[in-house]
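Asker: Quick note on numbering: the sequence shown equals residues 20 to 151 in the numbering used here.
Every residue, glycine too, gets a C-beta built ideally from N, C-alpha and C.
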Amino acid sequence: MEELAPLVDRYCENLPAEKFWVPGTYFTHPLRAKVVVVDLYPEGDPVEAAREAAGILEARTGLALDWAAGVSRTKQGRPKATLVIKTLAADARTGRPREFRPGPDDLKAVGALERGREKRRRRGVRVRERRR
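1. Do the CB positions of threonine 101 and aspartate 58 come within less than 8 angstroms of each other?
2. Below 8 angstroms on the Cβ atoms is my guess for leucine 107 versus phenylalanine 46; work out the distance and round it to an integer in Å.
3. Give the straight-line distance between the Cα atoms of arginine 97 and leucine 76, rounded to the nearest whole angstrom.
4. Helix, strand or coil: how does DSSP classify arginine 79 here?
5. Using a 10 Å radius around the Cβ and a threshold of 16 neighbouring Cβ atoms, would you call alanine 78 buried or exposed?
6. Along the chain, where does the beta strand (DSSP E) that runs through glycine 89 open and close?
7. Rounding to the nearest angstrom, what Cα-Cα distance links valine 153 and alanine 88 in this structure?
8. If contacts are defined as beta-carbon pairs under 8 angstroms, then alanine 111 and glycine 74 qualify, I think. What distance do you get, rounded to the angstrom?
9. Report the rounded CA-to-CA distance for proline 35 versus alanine 68, giving the unit in angstroms.
10. Leucine 50: buried (16+ other C-beta within 10 angstroms of its C-beta) or exposed?
11. When you compare each of Leu126, Phe119, Trp86 and Gln95 to tyrosine 30 by their alpha carbons, which one comes out closest?
12. Measuring from the CB of valine 54, is there a heavy atom of the ligand ADP at a distance below 7 angstroms?
13. Start and end of the alpha helix (DSSP H) containing proline 123?
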């Protein structure tokens, strides 16, 4: 998380990592997933893209998510937003604790935010053959 500093969330622009990793807000069992990490390569503002992606996931799952995002740049200079979502979430209606598990459709909805990122692929060619 230090590489992503400063962090942003829905309320503030400069969130310290110590305030995000408060004990009791994430699973502590070693076999449970602590976070879901989603990398976004938006065309516009990466902070707004991260907030919009978190809002989409909250609306689709019905959970109040605890998330933070960090903004960096790729080697090519494109903005990159890394969204870190804790798997311990709360039901939006009842407030009871629930586990956040995004489905493939949820991730496709978030992926729709990345306009202009589509790669042209040759159909019928295997992955190893594409890399040559």
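Answerer: According to the data block:
1. Counted from its first residue, the sequence shown places residue 101 at position 82. Counted from its first residue, the sequence shown places residue 58 at position 39. Their beta carbons are under 8 angstroms apart, which means threonine 101 touches aspartate 58 by this criterion.
2. Locating residue 107 in the sequence shown gives position 88, counting from the first residue. Locating residue 46 in the sequence shown gives position 27, counting from the first residue. Indeed they touch by this definition, with Cβ atoms about 5 angstroms apart.
3. In the sequence shown, residue 97 corresponds to position 78, counting from 1. In the sequence shown, residue 76 corresponds to position 57, counting from 1. Each residue's alpha carbon lies about 24 angstroms from the other.
4. By one-based count along the sequence shown, residue 79 stands at place 60. Reduced to three states, the DSSP call for arginine 79 is helix.
5. Residue mapping note: residue 78 aligns to position 59 of the sequence shown, counting from 1. Exposed.
6. Translated into positions along the sequence shown, residue 89 becomes position 70. Looking at the DSSP string, the run of the beta strand (DSSP E) that includes glycine 89 is 86-92.
7. No information on residue 153 is available, as it lies outside the stretch 20 to 151 that the chain covers here.
8. Sequence index remark: in the sequence shown, residue 111 carries index 92 (1-based). Sequence index remark: in the sequence shown, residue 74 carries index 55 (1-based). Actually they do not touch by this definition, with Cβ atoms about 12 angstroms apart.
9. Here residue 35 refers to the residue found at position 16 of the sequence shown. Here residue 68 refers to the residue found at position 49 of the sequence shown. About 20 angstroms.
10. For this step, residue 50 is matched to residue 31 along the sequence shown. Looking at its Cβ environment, which holds fewer than 16 other Cβ atoms inside 10 Å, leucine 50 is exposed.
11. By one-based count along the sequence shown, residue 30 stands at place 11. If we check each option's Cα against that of tyrosine 30, Trp86 comes out closest.
12. In terms of ligand content, the structure shown is empty, and the ligand ADP therefore cannot be addressed.
13. For the purposes of this step, residue 123 is taken as residue 104 along the sequence shown, with counting starting at 1. Residues 123-130.
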